[in-house]
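Working notes, structure below.
Numbering (our numbering), first residue to last: 1206 to 1487.
This is the structure:
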């Protein structure tokens, strides 16, 4: 049986693609994570990660290890909960910003279901400011969203995320013409930051498409109707970060935040811990 400590380090590196971020997530030093990976690679009979100065990627052997490592960790966690008598149950009203729906959310919910099958989730997908307002009104228990850096307020900042301009691979901007934008409606944080960046740079813009969903934004941008800004690590499939050669201004950063209503307890606290573990060290 593989050592569960080694498996936890392996999964943290696989999810964050960073030994440094994995160490932060696990609350240990980076040398410890590196040592765990070397030990696991010896047991696996080969490299689990391909490493260079810019990236950490899974090898074919590493891809094969994923399922085994996750099973070992999940089994250990289930056994610990069973014998401690701490099976969490209940419903969580969880608000999630559109940006996380295609990438982070499915894996997060799958891990929650495997570990805590009696926790039910009532999912609300909306703009971050709308979700924060519903939380304040008592209509949600937990919110994963975005806000301007330094805006302050309640909640836990999970990380600061650079924004990038995104569009289709065929994106071309006509010189002297307003920049065509694909936008969420107000009060979208990324919409505000995109417009402010263009106006600071003295560039005109036009609202080429307005959509209330990430699916709509993705379709419009992929079709070439316009461009938009998005968190760098969450670029939707089918779109790319646009080249600096287009002359677009830096749209800045956003903060990824987790907001909870009062003190999180029971299933709300459990889901919050999963969100922090998944996103807090990336």
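C-beta: ideal position from N, C-alpha, C; glycine also.
For residue 1280 and residue 1453, the rounded distance between their alpha carbons: As a working mapping, residue 1453 is identified with position 248 in the chain shown. As a working mapping, residue 1280 is identified with position 75 in the chain shown. The straight-line gap from Cα to Cα measures roughly 49 Å.
Delimiting residues of the beta strand (DSSP E) encompassing residue 1461: The sequence position of residue 1461 within the chain shown is 256, counting from 1. Residue 1461 -> beta strand (DSSP E) spans 1458-1465.
The stretch 1334-1347 contacting the stretch 1414-1424, beta-carbon criterion three pairs below 8 Å: no
Among 1216, 1430, 1252, nearest to residue 1316 - alpha-carbon criterion: Start at 1 with the first residue of the chain shown, and residue 1316 comes out as number 111. Looking at the Cα atoms, 1216 is the closest of the given residues.
Run of the alpha helix (DSSP H) containing residue 1305, from where it starts to where it stops: On the chain shown, residue 1305 is found 100 positions in, with the first residue counted as 1. Premise fails: residue 1305 is in no alpha helix (DSSP H) and is neither H nor E.
Any alpha helix (DSSP H) of 4 or more consecutive residues that is wholly inside the stretch 1216-1266: 1224-1231, 1235-1249
CA-to-CA distance, residue 1409 to residue 1382, given in whole angstroms: Within the chain shown, the letter at position 177 stands for residue 1382. Within the chain shown, the letter at position 204 stands for residue 1409. Computed Cα separation, rounded: 7 Å.
Reduced DSSP category for residue 1282 - H, G, I as helix; E, B as strand; rest coil: Counted from its first residue, the chain shown places residue 1282 at position 77. In this structure, residue 1282 counts as helix in the three-state DSSP scheme.
Between the CA atoms of residue 1384 and residue 1431 - distance to the nearest angstrom: Your numbering for residue 1431 matches position 226 in the chain shown. Your numbering for residue 1384 matches position 179 in the chain shown. Near 8 Å, if we compare the C-alpha coordinates of residue 1384 and residue 1431.
Pick from 1219, 1327, 1451, 1393 that is closest to residue 1303, judged by C-alpha positions: For this step, residue 1303 is matched to residue 98 along the chain shown. The shortest C-alpha separation from residue 1303 is found at 1393.
Touch test, the stretch 1323-1330 against the stretch 1390-1406, Cβ-Cβ under 8 Å, three pairs minimum: no
For residue 1388, the three-state DSSP class (helix, strand or coil): Within the chain shown, numbered from 1, the residue matching residue 1388 stands at position 183. DSSP places residue 1388 in strand when its eight states are reduced to three.
C-beta neighbour in chain B for residue 1336, strict 9 Å: The structure shown has no chain B; it contains just one protein chain.
Residue from 1260, 1232, 1295 whose Cα sits closest to the Cα of residue 1472: Along the chain shown, one-based indexing puts residue 1472 at 267. Nearest of 1260, 1232, 1295 to residue 1472, Cα basis: 1295.
C-beta contact flag for residue 1464 and residue 1347 at 9 Å: Taking the first residue of the chain shown as position 1, residue 1464 is located at position 259. Taking the first residue of the chain shown as position 1, residue 1347 is located at position 142. In contact: residue 1464 and residue 1347 (Cβ atoms closer than 9 Å).
Exposure of residue 1267, with buried meaning 16 or more beta-carbon neighbours within 10 Å: On the chain shown, position 62 is the one that residue 1267 refers to. Flag for residue 1267 reads buried.
Between the CA atoms of residue 1233 and residue 1271 - distance to the nearest angstrom: The count along the chain shown starts at 1 and reaches residue 1271 at position 66. The count along the chain shown starts at 1 and reaches residue 1233 at position 28. Cα to Cα, residue 1271 sits roughly 21 Å from residue 1233.
CA-to-CA distance, residue 1364 to residue 1482, given in whole angstroms: Position 277 of the chain shown, counted from the first residue, corresponds to residue 1482. Position 159 of the chain shown, counted from the first residue, corresponds to residue 1364. One C-alpha to the other measures close to 12 Å.
Start and end residues, alpha helix (DSSP H) containing residue 1472: Counted from its first residue, the chain shown places residue 1472 at position 267. Unbroken alpha helix (DSSP H) run through residue 1472: 1471-1484.
Residue of 1250, 1238, 1429, 1305 minimising C-alpha distance to residue 1378: Sequence index remark: in the chain shown, residue 1378 carries index 173 (1-based). Nearest of 1250, 1238, 1429, 1305 to residue 1378, Cα basis: 1429.
Pick from 1367, 1371, 1333 that is closest to residue 1360, judged by C-alpha positions: Residue numbering aside, residue 1360 sits at position 155 when the chain shown is read from its first letter. If we check each option's Cα against that of residue 1360, 1333 comes out closest.
Buried or exposed (CB count within 10 angstroms, at least 16 for buried), residue 1297: To locate residue 1297, count along the chain shown from 1; it is residue 92. Classification for residue 1297: buried.
Beta-carbon contacts of residue 1290 that lie in its chain and below 7 Å, excluding the five residues immediately before and after: Residue numbering aside, residue 1290 sits at position 85 when the chain shown is read from its first letter. Residue confidence is low: residue 1290 scores 48 on pLDDT, short of 50, so the model does not pin down where it sits. Its coordinate-derived value is still stated next. Correct list: empty, nothing qualifies.
Outcome for residue 1250 when other beta-carbon atoms lying within 10 angstroms are tallied against a minimum of 16: Translated into the one-based positions of the chain shown, residue 1250 becomes position 45. Classification for residue 1250: exposed.
Proximity of residue 1434 and residue 1336 at Cβ, strictly below 9 Å: Start at 1 with the first residue of the chain shown, and residue 1434 comes out as number 229. Start at 1 with the first residue of the chain shown, and residue 1336 comes out as number 131. No, these two residues do not count as a Cβ contact at 9 Å.
Rounded separation between residue 1423 and residue 1247 - CA only: Translated into the one-based positions of the chain shown, residue 1423 becomes position 218. Translated into the one-based positions of the chain shown, residue 1247 becomes position 42. Whole-angstrom Cα-Cα distance: 43 Å.
Element boundaries [alpha helix (DSSP H), containing residue 1404]: Indexing the chain shown from 1 puts residue 1404 at position 199. Counting along the chain, the alpha helix (DSSP H) containing residue 1404 begins and ends at 1394-1405.
Reduced DSSP category for residue 1452 - H, G, I as helix; E, B as strand; rest coil: Here residue 1452 refers to the residue found at position 247 when the chain shown is read from its first residue. Reduced to three states, the DSSP call for residue 1452 is coil.
Beta carbon of residue 1456 nearer than 9 Å to that of residue 1376: Within the chain shown, residue 1456 is the residue found at index 251, counting from 1. Within the chain shown, residue 1376 is the residue found at index 171, counting from 1. No. Outside cutoff.
Which of helix, strand or coil DSSP assigns to residue 1274: Your numbering for residue 1274 matches position 69 in the chain shown. In the structure shown, residue 1274 sits in a helix (DSSP, three-state: H, G or I).
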